[in-house]
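For reference, the structure is listed below as structure tokens.
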Amino acid sequence: MLPPIPPGWKPHLEAETHQPYFHELDAFLDREREANHTILPESQDIFNALRSTPYASVRVLLLGQDPYPTPGHAHGLCFSVRPGVRPIPGSLRNIYRELRDDLGIPTPSHGCLESWARQGVLLLNTVLTVRAHDANSHQKRGWETFTDRIIDLLNERSMPMVFLLWGRSAQKKRERVTASHHRVIECAHPSPLSARLFLGCRCFSATNRRLAESGIPPVDWQIPGV
């Protein structure tokens, strides 16, 4: 059983939970559990991105693909892990390297990105669950329809925002950003497989410039210690 939609998004997404695709998705996840597959993240964390960044607070959408498939890593925010997780995943290490090179931010001591989420950076994956140790295993089960609706809702807002799209999977969603007052920044994925294309993209300073152009305060990308 999927958890309820968090209050900050419920008025906008409650109708989705009554759609046939959503019921089919819920039934699929039940079958996965009945087959003794471990689903990540834990149920209470599936909508953590929506809980951490309410609809009215979003100023940047950072779009990932699906959760980390390693048990103990995923907690509902794309690219983020809880503070005690070691080692920090390779993609996140490359993100931190770009933060340092772009903005001079020292490498954080942990991998938790909740401080970004609290500032209005929606850390959303296009697929919100995964089978443990099996990357991309929950694709094309209904999550894409749900998260496309989130993108559409953000596109419909009158307040400008930045859509930060890393990698081909995220960049496929560019066509959904049709409102001219929004800004889109596309970069390679920070995965070790494409790091040579990601490093040097200077996407963090670019995001803050785009926000400033729209009269919106910049994001403080520095991650506090725990």
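Okay, so the sequence shown: first residue is 1147 according to the numbering used here, each after it adds one.
Even glycine gets a Cβ: it sits at the ideal position worked out from N, Cα and C.
Supposed contact pair residue j and residue i - C-beta distance, whole angstroms, cut 8 angstroms
| i | j | result |
| --- | --- | --- |
| GLU1170 | GLY1288 | 6 angstroms |
| GLN1317 | LEU1311 | 5 angstroms |
| GLU1178 | SER1226 | Actually they are not in contact, since the Cβ atoms of GLU1178 and SER1226 sit about 23 angstroms apart, beyond 8 angstroms. |
| ARG1320 | GLU1302 | That pair is no contact at about 16 angstroms. |
| LEU1238 | GLY1218 | The pair is not a contact, with the Cβ atoms about 14 angstroms apart (cut-off 8 angstroms). |
| LEU1207 | MET1307 | 7 angstroms |
| ALA1341 | GLY1313 | Not really, about 11 angstroms apart at Cβ, beyond 8 angstroms. |
| ARG1087 | ASP1294 | Absent from the model: residue 1087. The displayed extent of the chain is 1147 to 1372, so no value can be given. |
Residue i vs residue j beta-carbon contact at 8 angstroms
| i | j | result |
| --- | --- | --- |
| PRO1152 | ARG1205 | no |
| SER1149 | SER1203 | In the sequence as presented, Ser is not what sits at residue 1149; that position holds Pro. Result no, Cβ atoms of PRO1149 and SER1203 do not sit closer than 8 angstroms. |
| PRO1233 | ALA1278 | no |
| ILE1192 | THR1253 | no |
| PRO1187 | PRO1166 | no |
| ASP1248 | PHE1350 | yes |
| PRO1097 | ASN1240 | As shown, the chain starts at 1147 and ends at 1372. That puts residue 1097 outside it, with no answer to give. |
| CYS1224 | ASN1271 | yes |
| PHE1344 | PHE1168 | no |
| THR1353 | VAL1372 | no |
| ILE1185 | GLN1368 | no |
| HIS1158 | LEU1268 | no |
| TYR1201 | TRP1155 | yes |
| PRO1338 | GLY1210 | no |
| VAL1273 | GLN1265 | no |
Assigned secondary structure, residue i (DSSP; H/G/I helix, E/B strand, else coil)
| i | result |
| --- | --- |
| GLY1210 | strand |
| ASN1282 | coil |
| TRP1262 | helix |
| CYS1224 | coil |
| GLU1188 | coil |
| PHE1168 | helix |
| PHE1292 | helix |
| ARG1177 | helix |
Residue span of the alpha helix (DSSP H) that contains residue i, given as start and end
| i | result |
| --- | --- |
| LEU1249 | 1236-1249 |
| ASN1194 | 1194-1198 |
| PRO1157 | 1156-1159 |
Extent of the continuous beta strand (DSSP E) to which residue i belongs
| i | result |
| --- | --- |
| ASN1271 | 1267-1271 |
| LEU1310 | 1308-1312 |
Checklist entry - What runs of the alpha helix (DSSP H), each 4 residues or longer, lie entirely inside the stretch 1319-1367? => result Correct list: 1341-1344 and 1349-1359.
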